[in-house]
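**Student:** There's a structure below that I have some questions on.
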Amino acid sequence: MKFLKNQAFGFYAEAVAIIAELVGFVFYFLNGKTATYGNLQINLVTTVGGVIGILLAIFIIAASGKVSENKGLRWVVDIAHLAVGILFTWGLAVFIADRVNLFASVLTFNKNAQTLADTQSAIYAIVALLVAVVAAVAASFTRVNKSED
Numbered sequence: 001m002k003f004l005k006n007q008a009f010g011f012y013a014e015a016v017a018i019i020a021e022l023v024g025f026v027f028y029f030l031n032g033k034t035a036t037y038g039n040l041q042i043n044l045v046t047t048v049g050g051v052i053g054i055l056l057a058i059f060i061i062a063a064s065g066k067v068s069e070n071k072g073l074r075w076v077v078d079i080a081h082l083a084v085g086i087l088f089t090w091g092l093a094v095f096i097a098d099r100v101n102l103f104a105s106v107l108t109f110n111k112n113a114q115t116l117a118d119t120q121s122a123i124y125a126i127v128a129l130l131v132a133v134v135a136a137v138a139a140s141f142t143r144v145n146k147s148e149d
């Protein structure tokens, strides 16, 4: 319990970013298996970048208690915050770019129950990945641990 009492808003925002990115991954992979979007390749920017971003976010949470003792670590954590925001945003942008033409096709020409259900999983993924981006950016502007200076 003491661990949670020592955490600031950035900790919770970073945790939300990690969870939202994982939820986005689930819907991303589900969407990749649908009939409408199944012919699109799994993009490495979205997947590998997201995994690296999640690992960096975990590093930020783990290292946040030590930054007051080690000023060099403060720079590394700041760069990690920047990298998480960039990786999550880049992955979201690539995911949307891969699907924007099919969105237009579904919503104009191929509108039926199956294509709309397939599009719904893509929209869920976009919303989850967007929440991850917003949470990661919010976490980068706040303290993760109350002991940070």
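Quick note on numbering: the sequence shown equals residues 1 to 149 in the UniProt record's numbering. C-beta: ideal position from N, C-alpha, C; glycine also. This one's a predicted model, so the numbers in the text were calculated from it and none came from an experiment.
Does the structure place the segment 53-70 close enough to the segment 5-18 that three or more beta carbon pairs sit under 8 Å?
**Tutor:** The segment 5-18, when compared against the segment 53-70, does touch it at the 8 Å Cβ threshold.
**Student:** Hey, is VAL67's beta-carbon within less than 9 Å of any beta-carbon in chain C?
**Tutor:** Of the protein chains in this structure there is only one, and it is not chain C.
**Student:** Alpha carbon to alpha carbon, how far is TYR28 from ILE79?
**Tutor:** Between TYR28 and ILE79, the C-alpha separation is close to 27 Å.
**Student:** With a threshold of 8 Å, are at least 3 pairs of Cβ atoms found where one atom belongs to the segment 28-37 and the other to the segment 118-125?
**Tutor:** The segment 28-37 is in contact with the segment 118-125.
**Student:** For LYS111 and GLY32, I'd like the C-alpha separation in whole angstroms.
**Tutor:** Cα-Cα distance, rounded: 19 Å.
**Student:** Measure the alpha-carbon distance for LYS146 versus ASN6 and round it to whole angstroms.
**Tutor:** Roughly 5 Å separates the two Cα atoms.
**Student:** Spell out the partners DSSP gives ASN145 in its beta bridges.
**Tutor:** ASN145 pairs with GLN7.
**Student:** Please specify which runs of the beta strand (DSSP E), each continuous and at least 3 residues long, are wholly inside the segment 3-76, giving them in chain order.
**Tutor:** Here no run is fully enclosed.
**Student:** Here's the rule: buried if 16 or more other CB atoms are within 10 angstroms of the residue's CB, otherwise exposed. What is PHE88?
**Tutor:** Buried.
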